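The opening residue of the sequence shown carries number 55 in this note's numbering; numbering runs sequentially from there.
Worksheet: the structure to be examined is printed underneath.
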Amino acid sequence: MLLKSIIIVPILWIAADAARILVVIPEPSHSHQVAFRPIITELARRGHKLTVFTPIPINDSTLQNYTEVKLSYSSYKVDEKFDVLGLAKLGIWPLLDDFYRRNEEMTDSALSHPVMQQLISSNSTEKFDLIIVEFLFYDAFYALSHRFNASLIGIASVPLTAFHHYTFGNSISWAYAPDLLANDLDENMNTWDRIYNAYCIFYQLYWHQYKIIPVQEKIVRKHFGDSVPPAHQLASNMALLLANFHSFLYPHANVPGIISIRGSRQITQKKRLPADLEKILDDAKEGCIYFSLGSNVKGEFLPVERRDMFQKTFEKLPYKVLWKYESDFPNKSNNIITRKWLPQHEVLAHPNVRLFMYQGGLQSTEETIENGVPVIGFPIFGDQHYNVKQLVARGAGKKLIITDINEDELREAILEVITTSSYKENMLKLRDLLHDVPYDPLNNSVWWVEHVIRHDGAPHLRNKSRDMPWYMTQLLDILGIILLVTLLVILAIILLVSYIIIYCRIIKRFKRLCELIIKPCTRLFEPNRPVAKKEQ
55 MLLKSIIIVP ILWIAADAAR ILVVIPEPSH SHQVAFRPII TELARRGHKL
105 TVFTPIPIND STLQNYTEVK LSYSSYKVDE KFDVLGLAKL GIWPLLDDFY
155 RRNEEMTDSA LSHPVMQQLI SSNSTEKFDL IIVEFLFYDA FYALSHRFNA
205 SLIGIASVPL TAFHHYTFGN SISWAYAPDL LANDLDENMN TWDRIYNAYC
255 IFYQLYWHQY KIIPVQEKIV RKHFGDSVPP AHQLASNMAL LLANFHSFLY
305 PHANVPGIIS IRGSRQITQK KRLPADLEKI LDDAKEGCIY FSLGSNVKGE
355 FLPVERRDMF QKTFEKLPYK VLWKYESDFP NKSNNIITRK WLPQHEVLAH
405 PNVRLFMYQG GLQSTEETIE NGVPVIGFPI FGDQHYNVKQ LVARGAGKKL
455 IITDINEDEL REAILEVITT SSYKENMLKL RDLLHDVPYD PLNNSVWWVE
505 HVIRHDGAPH LRNKSRDMPW YMTQLLDILG IILLVTLLVI LAIILLVSYI
555 IIYCRIIKRF KRLCELIIKP CTRLFEPNRP VAKKEQ
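What follows is the structure, given as structure tokens:
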């Protein structure tokens, strides 16, 4: 009987402590999805019941209390072909405008899904304790928190931008921290750089407020009616932001409600390489180069001219080249091995891999730091420029422009990074920093999620600046008062000096006038002067 009690009590405690969680990760990109999966699946393993809306399901039958709903979009697909060179030349602002154009469809499509419609229907009796939403301009999803009277957590797969900082009442470090979207800037900004940084920040906030919010407002009214606040106020209900950044790569002071997930996905155990890959890498005695442009920009999307340039360069090197290339590759030499898919984390962990050539994605950046492999980055869009720039600044790699390089420049860069020991040494230093934390990254992230559940939205983490107008958080009102008082004092001094000057002039003129009037009068009262006698 005692044994039964010992077993039953913990089970009842776990059941009572379990929460119902609704998760919406709408971005149809593998790099966005994999950043969140360890946290979400760990919550399920700890007994919480999750309903997850995602365009890329994991289909893991071992998760008993984990329900996935597949999202699909007509204008943007997971394996959509990209114009690599066009993206590289496009710039961040046209990319934002492109995101704006598909933002409406992705948000509306997810909320229009039959399963979602059943959940949010006014007749629905479904209850959720927590809503977790990707925090990337999908403001209409935040209305789910109001619909279910549940706590709201945002989760970001990229380092924080001005939009994230502003929404959470966090300080925007205009002067010393280049924004994620200011591609060409680093931490050593001169005056013109800081002007450009300020421009990027202002444009981003303007773009969200006056382009994204009106679209999201229409979607909110369509699916939730008038029962929820305006779209621009919905994010203020967010209790916590879990963001995929590392404090040593992106140093910035953060409010208590912003938590770094610090590469939570990297703590999973590495699997063994497939036998054929293991043999290829074991036989690469001179070393191996791993080349991948990530999940969004696939190697097969490279123009033929660029592909041939890489191929000719690789053929002249003494190293094996493992190239993630998703279609047939004609006439390649024996030292080039292509695969449609590669277990990247495990490949980078092999000791014979001496260089990682990649597009600069954040997850790939985490993996290469984790395994101490120096890089050559070919950033194409989004946060890739920023990620590569951080590694270059710390001497762990080089950056090349994929649209401009030629064979000689590429070969020279490859040989420099592989043969110069400092690149490897600096990457190993970054790895030491990544590992030197006082807690397990995944457990820490999950603890914070459960902290919000335990404390009814954790209002104690809420920063007061989130309720203040932007001009007050930046002390512009105080600055305005100081300027006004200063101007009034200056004006008073000017008026006083002017008054004194005018007074002095009046006195001076009055004296002259008095002299002109009094002098003739005084002559009348002077005694007669003796007339001088003429000399005989």
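Built from N, CA and C at the ideal position, the CB exists for glycine as well.
Bear in mind the structure is a predicted one, so any value in this text is a computation, not a measurement.
Does the contact criterion of 3 or more C-beta pairs under 8 Å hold for the segment 349-369 versus the segment 325-340? no
Whose C-alpha, out of TRP502, CYS568 and SER476, is nearest the C-alpha of ILE186? TRP502
Among PRO80, TRP246, PHE222 and LEU76, whose alpha-carbon lies nearest the alpha-carbon of TYR230? TRP246
From the DSSP secondary-structure annotation, give me the bridge partner or partners of SER346. TYR412
I'd like the list of long-range same chain contacts for GLY511, defined as Cβ closer than 7 Å, with 5 residues on each side in sequence excluded. SER205 and ALA293
Quick test of the definition: if touching needs 3 or more C-beta pairs under 8 Å, does the segment 209-227 touch the segment 250-262? yes
Through-space distance from PRO495 to ILE321, alpha-carbon basis: Any reading at ILE321 is ruled out, since the residue's pLDDT is 47, under 50, leaving its predicted position unreliable.
Let me check understanding here. Comparing Cα to Cα, which of LEU327, TYR440 and GLN365 lies closest to HIS399? LEU327
Terminal residues of the alpha helix (DSSP H) in which MET292 lies: Careful: MET292 lies outside any alpha helix (DSSP H), inside the beta strand (DSSP E) at 292-297.
Contacts around GLY341, its chain only, beta-carbon distance under 7 Å, and the 5 residues preceding and following it disregarded: TYR373, ASN406, ARG408 and ILE472
Could you tell me the alpha carbon to alpha carbon distance between ILE207 and LEU296, rounded to whole angstroms? 8 Å
By the three-class DSSP mapping on this structure, what secondary structure does ALA164 have? helix
What residue range does the alpha helix (DSSP H) around TRP377 cover? Counting along the chain, TRP377 falls outside any alpha helix (DSSP H), though it belongs to the beta strand (DSSP E) covering 374-378.
Whole-angstrom Cβ separation of ILE266 and TYR154, contact assumed at under 8 Å? 6 Å
What residues are listed by DSSP as bridge partners for SER85? DSSP, once it has assigned bridges, lists no residue as partnering SER85.
Check whether the segment 181-198 and the segment 381-400 are in contact - that is, three or more C-beta pairs closer than 8 Å. no
On a CA-only basis, which of LEU445, MET522, ARG520 and ASN517 is nearest LEU484? Give me that one, please. LEU445
Three or more C-beta pairs closer than 8 Å, one from the segment 269-277 and one from the segment 156-172: is that the case here? yes
Could you spell out where the alpha helix (DSSP H) holding PHE217 opens and where it closes? 216-221
Considering just the uninterrupted stretch of the beta strand (DSSP E) at SER126, what are its terminal residues? No beta strand (DSSP E) contains SER126, which DSSP labels as neither H nor E.
Rounded distance between the beta-carbons of PHE189 and ILE209, thought under 8 Å: 6 Å
In terms of residue numbering, what span does the beta strand (DSSP E) encompassing GLU188 cover? 184-188
Count the other CB atoms, across all protein chains shown, that sit within 10 Å of the CB of PRO109; report buried if there are 16 or more and exposed otherwise. buried
Nearest to GLU180 by CA position, among LEU464, ILE507, ALA447 and LEU104, is which residue? LEU104
Apart from the five residues on each side of it in sequence, which residues of its chain come closer than 6 Å, Cβ to Cβ, to THR121? THR105
For ARG393, the residue or residues it bridges with in DSSP: LYS378
Rounded straight-line distance, which links the Cα of THR367 to that of LEU376: 14 Å
Which residue from VAL358, HIS404, VAL77 and LYS370 puts its Cα closest to that of ASP382? VAL358
Grab me the residues of ILE572's own chain with a C-beta within less than 8 Å of its C-beta, minus the 5 sequence neighbours each way, in chain order. none
Sorted by chain position, which residues of the same chain lie with C-beta nearer than 8 Å to THR95's C-beta, five sequence neighbours on each side aside? ILE112, ASP114, LEU117 and TYR120
Could I get the ranges of all uninterrupted alpha helix (DSSP H) runs contained in the segment 493-541, with 4 residues as the minimum, in chain order? 495-508 and 524-527
Cβ separation of ILE456 and ILE343, assumed to be a contact under 8 Å, to the nearest whole Å: 16 Å between Cβ atoms; not a contact.
So, is ILE547 buried or exposed, given that buried needs 16 or more other C-beta atoms within 10 angstroms? exposed
Would you say ARG520 and GLY101 are within 8 Å of each other, going by their C-beta atoms? no
By the three-class DSSP mapping on this structure, what secondary structure does THR179 have? coil
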